[in-house]
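Every number in the working numbering is 12 more than the matching position in the sequence shown, counting from 1.
Report on the following structure.
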Amino acid sequence: AGLRGMRERAAALGGSFRAGPRPGGGFRVEAVLPIDGEEERA
Numbered sequence: 013a014g015l016r017g018m019r020e021r022a023a024a025l026g027g028s029f030r031a032g033p034r035p036g037g038g039f040r041v042e043a044v045l046p047i048d049g050e051e052e053r054a
């Protein structure tokens, strides 16, 4: 569940996942997943 589950799902789809604090404040969650042989940021 949570961030761990997101990381596992991204990996299962052949993508990558990262999450953490942003410079200057806030929090970033990023998943990069392959779509039709190309990468698209979501």
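Beta carbons: idealized from backbone N, C-alpha and C, even for Gly.
Only a predicted model underlies this, so the values are computations on that prediction, with no experimental measurement involved.
Of the candidates 31, 26, 19, 31 places its Cα closest to the Cα of residue 40.
In the same chain as residue 27, and ignoring 5 residues on each side of it, the C-beta atoms closer than 7 Å to its own belong to 43, 44, 45, 46, in chain order. In the DSSP assignment, residue 19 falls within the alpha helix (DSSP H) that extends over 14-24. Secondary structure note for residue 35: it is in no beta strand (DSSP E), with a DSSP letter that is neither H nor E.
In this structure, the alpha-carbon of residue 22 lies about 11 Å from that of residue 15.
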